[in-house]
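Inspection log for the structure reproduced underneath, given as structure tokens.
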Amino acid sequence: MKNIVRFIAFAAPVLCFLCGSALPAQNAAPVISNIMAFPDELNNRVTITFDVADAENDALEIELRVSDNMGQTYLIDVAETWGDVGYPVNPGSGKTLTWQYNPGGLASGIYFLKIIADDRQPVDIQAIVDEVNPDNLYNDLEFVQGIRHYDAGLEHIQEVKDAIETRFTNAGLQTYRQDFSVGAFSGQNIIGRLQGQGNETQTVIIDAHFDSVSVAPGADDNGSGVVGVLEALRVLSPYQFRNNIKFIGFDLEELGLLGSNAFINSPGGKDAFETIAGVLNFEMIGYYSEAPNSQSTPVGFNILFPDAYAELTANQFRGDFLINVANTTSAPLRNAFDSCAALYVPALKVTTLTVPGNGEIATDLRRSDHAKFWDAGMQALMLTDGANFRNIHYHTPTDVLDILDFNFMANNVKAAVATAAHLAGIRHCATAVTAFNLATGINPPLQHQHLNFALQPNPAGNSTMLVLSDNYAKTLQADVYNATGNLVLRKQIAPNAANLLRTDALANGVYFVVLHNGQQKGVQKMVISK
26 MKNIVRFIAF AAPVLCFLCG SALPAQNAAP VISNIMAFPD ELNNRVTITF DVADAENDAL
86 EIELRVSDNM GQTYLIDVAE TWGDVGYPVN PGSGKTLTWQ YNPGGLASGI YFLKIIADDR
146 QPVDIQAIVD EVNPDNLYND LEFVQGIRHY DAGLEHIQEV KDAIETRFTN AGLQTYRQDF
206 SVGAFSGQNI IGRLQGQGNE TQTVIIDAHF DSVSVAPGAD DNGSGVVGVL EALRVLSPYQ
266 FRNNIKFIGF DLEELGLLGS NAFINSPGGK DAFETIAGVL NFEMIGYYSE APNSQSTPVG
326 FNILFPDAYA ELTANQFRGD FLINVANTTS APLRNAFDSC AALYVPALKV TTLTVPGNGE
386 IATDLRRSDH AKFWDAGMQA LMLTDGANFR NIHYHTPTDV LDILDFNFMA NNVKAAVATA
446 AHLAGIRHCA TAVTAFNLAT GINPPLQHQH LNFALQPNPA GNSTMLVLSD NYAKTLQADV
506 YNATGNLVLR KQIAPNAANL LRTDALANGV YFVVLHNGQQ KGVQKMVISK
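Just so we're aligned: the sequence shown equals residues 26 to 555 in our numbering.
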């Protein structure tokens, strides 16, 4: 039976790179518009037409990506693509590219198709780094500090988890919780994914554990790490990167690195298709002292790290530096961090320690979530102020925000932001998304799988009614995606009824409403104009 491909909807232009407010001024990113798809049913091809403009008339790199899961990932093989694709492509109207798809490799269903246009202009990483604000760190830590313990501080740890999840969601990340259990203990990691625009098989991680011990409000351990992740998220999320960045809050670190172990080894954590390009683990990043003899060391430190010990001695053992802890496998990541810190945050003093193997002979340097990545053969750094070897309030009721230095904390976050931007491959690009429906002879005809519905009115303002065209016995779910493929709204839909969709929190633009019940799907384009 021949393949049936039906075009569903097209997206209005989306300038992804400039989606944030108050971004540093620079070369304008391209603008994609009028994207449409035309199927060739006999030859298993989809031809895409679009217009692309660039204010500076730069030559462009054009890429095609295809998703089979409503834009959550774009991993479908698009190797056989030709036309206005690759580099260089001049800006203009009536651009055309053709994708030859393998009908045997695609199941019947809805596919999202994304065009990426990159003018290859450099992005000012220094300007992004300079956006990190000590006041934001302080304000966030006012909320985060407090006992966050699975038993003694259950209420506040839940509040912090909810706040992290909300911040991730509001920043446009693909956000989810990973539930896990170890013996009698149950935990939840909070994971937010900033989707890569180009290579979704590579992921950079910025993380911190959010739990504390039962007697401490944990401002430094590890509230400082949590707010560091949130501030890194704030300044990085408006930008586009070739690779993914995952922002993670790990649970139950204090019980033996249980959250990071679950992320690596249990369902719902690390995606099977992704390679971890590097982990930047914040473990206490706020305690700073210029007082002599404020920094101590573990037993044997002078033997393992004679150069670092000599520097400490010359500096009268002042605790005025960030410690970058790597293992031998993580040497490339260690070097990248040190280089970015020196280039973008020259005021920050960094002492780098490289342990042999996975740090088995220096167990004090394995006392955080980075160690689980080492054990799995992945590159990871522990970025720390030294914990109990500097902070005399470690694991005590006096671990409060007033003992911390927020300029030092901000510099530590700045160095991580620069490193993440470098590793993830920051891009000066725009994207636009459309969708089409594919049915193969292997599966039932399309008309038996399609859910029929209408949106009234469309264009919508602050709300629209989702009206079902047929009678359905089961409750349905409506997922609303923006034109870059990110889920922005989800609602349960009652069968045999008109359902109100509140869109007042959504910005003007083009969206896809995907209605499904587990077996059937339907898609409508929705325009919001207020």
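Glycine included, every Cβ here is placed at the ideal spot set by N, Cα and C. From a predicted model like this one, the values you see are computed outputs, not experimental measurements.
Problem - Through-space distance from Leu67 to Ile216, alpha-carbon basis - result: The residue you call residue 216 lines up with position 191 of the sequence shown. The residue you call residue 67 lines up with position 42 of the sequence shown. Here the alpha carbons of Leu67 and Ile216 stand approximately 43 Å from one another.
Practice task
Identify, in the order they occur along the chain, each residue of the same chain with its Cβ nearer than 8 Å to the Cβ of Val539, setting aside the five sequence neighbours on each side.
Solution key: The residue you call residue 539 lines up with position 514 of the sequence shown. Closer than 8 Å at the Cβ level, and outside the excluded window around Val539, lie Met95, Ile135, Ala503, Asp504, Val505, Tyr506, Lys546, Gly547 and Val548.
Exercise for the section: May I ask you to verify whether the segment 318 to 333 touches the segment 252 to 268, counting CB pairs closer than 8 Å and requiring at least 3? Expected result: No: fewer than three Cβ pairs fall under 8 Å.
Handout entry: Whole-angstrom C-beta distance between Arg415 and Gly344, which should lie under 8 Å
Key = In the sequence shown, residue 344 corresponds to position 319, counting from 1. In the sequence shown, residue 415 corresponds to position 390, counting from 1. Taking C-beta atoms under 8 Å as the contact rule, Gly344 and Arg415 qualify, at a distance of about 4 Å.
Handout entry: Nonlocal neighbours in the same chain, by C-beta distance under 6 Å from Gly274, ignoring five residues either side
Key = Taking the first residue of the sequence shown as position 1, residue 274 is located at position 249. So the list reads Ile189, Ile215 and Phe235, once near-sequence residues are dropped.
Exercise for the section: With a threshold of 16 other CB atoms inside 10 Å of the CB of Val252, please say whether the residue is buried or exposed. Expected result: To locate residue 252, count along the sequence shown from 1; it is residue 227. The residue is buried, with at least 16 neighbouring Cβ atoms inside 10 Å.
Problem - Leu329 in three-state terms, based on DSSP - result: For the purposes of this step, residue 329 is taken as residue 304 along the sequence shown, with counting starting at 1. In this structure, Leu329 counts as helix in the three-state DSSP scheme.
Handout entry: Contact belief for Ala233 with Val254 at Cβ below 8 Å, rounded distance in angstroms
Key = As a position in the sequence shown, residue 233 is number 208, starting the count at 1. As a position in the sequence shown, residue 254 is number 229, starting the count at 1. Contact holds; Cβ gap of about 5 Å.
Problem - Beta-carbon proximity of Leu429 to Gly303, cut-off 8 Å - result: Position 404 of the sequence shown, counting from 1, holds the residue named residue 429. Position 278 of the sequence shown, counting from 1, holds the residue named residue 303. No, Cβ-Cβ distance for Leu429 and Gly303 is not below 8 Å.
Handout entry: Every unbroken beta strand (DSSP E) within the segment 76 to 100, with a cutoff of 3 residues, ordered by chain
Key = Counting whole runs of 3 or more residues, the segment 76 to 100 contains the beta strand (DSSP E) stretches 85 to 92.
Exercise for the section: Evaluate Met551 with the Cβ neighbour count: other Cβ atoms within 10 Å of its Cβ, from every protein chain shown; 16 or more gives buried, anything less gives exposed. Expected result: Within the sequence shown, the letter at position 526 stands for residue 551. Classification of Met551: buried, given that the 10 Å Cβ count is 16 or more.
Exercise for the section: Mark Tyr112 as exposed unless 16 or more other C-beta atoms lie within 10 angstroms of its C-beta, in which case mark it buried. Expected result: What you label residue 112 is simply residue 87 of the sequence shown in a count that begins at 1. Under this definition Tyr112 is an exposed residue.
Practice task
Please go through the segment 171 to 228 and give each complete alpha helix (DSSP H) segment of 4 or more residues, from N-terminal end onward.
Solution key: DSSP runs (the alpha helix (DSSP H)) wholly in the segment 171 to 228: 179 to 195.
Practice task
From the DSSP output, in three-state form, read off Lys555 for me.
Solution key: Reading the sequence shown from its first residue, position 530 is the one you call residue 555. The three-state secondary structure of Lys555, taken from DSSP, is coil.
Problem - Inter-residue Cα distance where the pair is Asn383 and Asn352 - result: Translated into positions along the sequence shown, residue 383 becomes position 358. Translated into positions along the sequence shown, residue 352 becomes position 327. Cα to Cα, Asn383 sits roughly 6 Å from Asn352.
Problem - Sub-8 Å separation of Cys454 and Ile140 beta-carbons - result: Counting from 1 along the sequence shown, the entry for residue 454 is found at position 429. Counting from 1 along the sequence shown, the entry for residue 140 is found at position 115. The Cβ atoms of Cys454 and Ile140 lie no closer than 8 Å to each other.
Practice task
Quickly, what does DSSP pair Asn507 with across the bridge? List them, please.
Solution key: Position 482 of the sequence shown holds residue 507. Paired residue(s): Tyr536.
Handout entry: Proximal residues to Ala372 (C-beta, below 7 Å), its chain only, five neighbours per side dropped
Key = Taking the sequence shown and counting its residues from 1, the one referred to as residue 372 is at position 347. Result list for Ala372: Asn436, in chain order.
Practice task
If I'm right that Val154 touches Val442 with Cβ under 8 Å, what's the distance once you round it to whole angstroms?
Solution key: As a working mapping, residue 154 is identified with position 129 in the sequence shown. As a working mapping, residue 442 is identified with position 417 in the sequence shown. Taking C-beta atoms under 8 Å as the contact rule, Val154 and Val442 qualify, at a distance of about 6 Å.
Handout entry: For Phe307, the three-state DSSP class (helix, strand or coil)
Key = In the sequence shown, the residue the question calls residue 307 occupies position 282. Three-state DSSP puts Phe307 in a strand.
Exercise for the section: Using alpha carbons as the reference points, say which of Phe346, Ile270, Asp143 and Asn306 lies closest to Ala80. Expected result: As a working mapping, residue 80 is identified with position 55 in the sequence shown. It is Asp143 whose Cα lies nearest to the Cα of Ala80.
Practice task
With a threshold of 16 other CB atoms inside 10 Å of the CB of Ile328, please say whether the residue is buried or exposed.
Solution key: As a working mapping, residue 328 is identified with position 303 in the sequence shown. Classification of Ile328: exposed, given that the 10 Å Cβ count is below 16.
Problem - For Gln151, the first and last residue of its enclosing alpha helix (DSSP H) - result: By 1-based counting over the sequence shown, the position of residue 151 is 126. Ile150 to Val154 is the span of the alpha helix (DSSP H), which, as asked, contains Gln151.
Problem - Start-to-end residues for the beta strand (DSSP E) that takes in Met407 - result: For the purposes of this step, residue 407 is identified with residue 382 of the sequence shown, where counting begins at 1. Judged by DSSP secondary structure, Met407 falls within the beta strand (DSSP E) whose first and last residues are Ala405 to Thr409.
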